[in-house]
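Just so you know, we're using this note's numbering here: the sequence shown kicks off at 4 and counts up by one. Positions of the beta carbon are idealized from the N, C-alpha and C atoms, including for glycine.
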Amino acid sequence: MDFPSYRQWQAQVPGTRPDLHLADGFLAGALVSLEPMPDNHWLDAIMGPVSEQAVSRDLVETRARKELLARLDQARVQMAASNPHYVPILAVTADGEFDLTAWSSGFYEAIADDLDMWQYLLAGQREGGLLALLGSHAVGEMGEAARSYIASHPEAQALCEVADRSWEVLSRLLPMMYEKRRQIVEGATPASARPASRRTGS
């Protein structure tokens, strides 16, 4: 999936509009937010609310919003699949390494109000350490808090050793958080606990 209109929209005011990697992390955070919000709420948080007049005037912005909405739908379908997965859109350094700074910062911004609850829900689990590991790449207070959490985690040494490969945990961590969020917010029963006859087509 490419995002030509969003990239064009962001490039118009690059100093204030979030780049695609930060926006993608924010959308991923939206999908695991414990506070149900309509999709447009999250798009407005990234791009600002758009009036009908603005939509008719700025086709680039309109198309950019559609691209983000399509990305949100794509990630939602992937995480809810029978074989759940998630592939982030990450920046790449000059050395060809993945850079999670922008993605992680966007993700943590989206789940900021839920962070204490997520830490509670994942307490004592490896996933709690993985979430903190991901957050350790974020900028600002969230990143500092995540790094402090890792330092006090029972598996701190192991987590630090994989810090440079944090992107590898996303395909496992995000679908798990999405399913747990679905159970909490929607009162859903885990697929593995449902009768086989009811798992398909639900």
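Check: Taking the alpha-carbon positions, what's the E70 to L124 distance?
Finding: Along the sequence shown, read from residue 1 onward, the residue named residue 70 stands at position 67. Along the sequence shown, read from residue 1 onward, the residue named residue 124 stands at position 121. Here the C-alpha atom of E70 lies approximately 32 Å from the C-alpha atom of L124.
Notebook entry, point to check: When DSSP builds the beta bridges, which residues end up paired with D98?
Noted result: For the purposes of this step, residue 98 is taken as residue 95 along the sequence shown, with counting starting at 1. The partner list for D98 (beta bridge, DSSP) is empty, contrary to what the question assumes.
Next item on the list: Could you check the C-alpha separation between W106 and L177 for me, to the nearest Å?
Entry: Position 103 of the sequence shown, counted from the start, is the residue given in the question as residue 106. Position 174 of the sequence shown, counted from the start, is the residue given in the question as residue 177. Near 13 Å, if we compare the C-alpha coordinates of L177 and W106.
Margin query: Going by DSSP in three states, P78 sits in which element: helix, strand or coil?
Written below: Taking the first residue of the sequence shown as position 1, residue 78 is located at position 75. With the sequence shown as reference, residue 78 is identified as Ala, and Pro is not the correct amino acid for it. Helix.
Item checked: Y111 versus T19: straight-line alpha-carbon distance, rounded -> Counting from one through the sequence shown, the residue named residue 111 turns up at place 108. Counting from one through the sequence shown, the residue named residue 19 turns up at place 16. Cα-Cα distance, rounded: 18 Å.
Margin query: Quick check on M50: does DSSP put it in helix, strand or coil?
Written below: By 1-based counting over the sequence shown, the position of residue 50 is 47. Of the three classes helix, strand and coil, the one that applies to M50 here is helix, per DSSP.
Checklist line | At least 3 beta-carbon pairs within less than 8 Å: the stretch 134 to 154 vs the stretch 170 to 184 | finding: Yes, they touch.
Notebook entry, point to check: Apart from the five residues on each side of it in sequence, which residues of its chain come closer than 6 Å, Cβ to Cβ, to V35?
Noted result: In the sequence shown, the residue the question calls residue 35 occupies position 32. Taken in chain order, the residues that qualify are M180, Y181 and R184.
Checklist line | Buried or exposed by the 16-neighbour rule on C-beta atoms within 10 Å, applied to S108 | finding: Along the sequence shown, one-based indexing puts residue 108 at 105. Buried.
Note to self: So, does the stretch 22 to 33 touch the stretch 75 to 94, judging by three or more C-beta pairs under 8 Å?
What the structure shows: Counting Cβ pairs under 8 Å, three or more are found: they touch.
Next item on the list: Check each candidate in A148, D47 and E144 and name the one with the smallest Cα separation from G132.
Entry: To locate residue 132, count along the sequence shown from 1; it is residue 129. Among A148, D47 and E144, the Cα nearest to that of G132 belongs to A148.
Margin query: Just to check my reading of the structure: W45 and L30 have Cβ atoms closer than 8 Å, yes? What is that Cβ distance to the nearest angstrom?
Written below: Within the sequence shown, the letter at position 42 stands for residue 45. Within the sequence shown, the letter at position 27 stands for residue 30. Indeed, because the Cβ distance is near 6 Å, the residues count as touching under 8 Å.
Notebook entry, point to check: Do the CB positions of E38 and D119 come within less than 8 Å of each other?
Noted result: Looking up residue 38 in the sequence shown gives position 35. Looking up residue 119 in the sequence shown gives position 116. Going by C-beta atoms, E38 is not nearer than 8 Å to D119.
Check: Can you give the Cα-Cα distance for I49 and D42, rounded to whole angstroms?
Finding: Counting from 1 along the sequence shown, the entry for residue 49 is found at position 46. Counting from 1 along the sequence shown, the entry for residue 42 is found at position 39. For I49 and D42, the distance between alpha carbons rounds to 11 Å.
Next item on the list: Ignore the nearest five residues each way along the sequence and tell me which others in E64's own chain have a CB closer than 6 Å to its CB.
Entry: In the sequence shown, counting from the first residue as 1, residue 64 sits at position 61. Closer than 6 Å at the Cβ level, and outside the excluded window around E64, lie W12.
Margin query: Pop quiz: G32 and A113 are said to be a contact at Cβ under 8 Å. What is the actual Cβ separation, rounded to whole angstroms?
Written below: The residue given as residue 32 occupies position 29 in the sequence shown. The residue given as residue 113 occupies position 110 in the sequence shown. Sure, about 3 Å apart at Cβ, within 8 Å.
Check: Between S155, A26 and I187, which lies nearest to A67 when the distance is taken from Cα to Cα?
Finding: For the purposes of this step, residue 67 is identified with residue 64 of the sequence shown, where counting begins at 1. The shortest Cα separation from A67 among S155, A26 and I187 belongs to A26.
Check: Would you report the Cα separation of S155 and P7, rounded to the nearest angstrom?
Finding: Numbered from its first residue, the sequence shown carries residue 155 at position 152. Numbered from its first residue, the sequence shown carries residue 7 at position 4. If you draw a straight line from the Cα of S155 to the Cα of P7, it comes to about 42 Å.
Item checked: S205 burial status per 10 Å Cβ neighbour count (16 or more: buried) -> For the purposes of this step, residue 205 is identified with residue 202 of the sequence shown, where counting begins at 1. Summary for S205: the model assigns pLDDT 32, below 50, so the residue's position carries little reliability; its value from the coordinates is reported in the next sentence. Answer is exposed; the Cβ neighbour count stays below 16.
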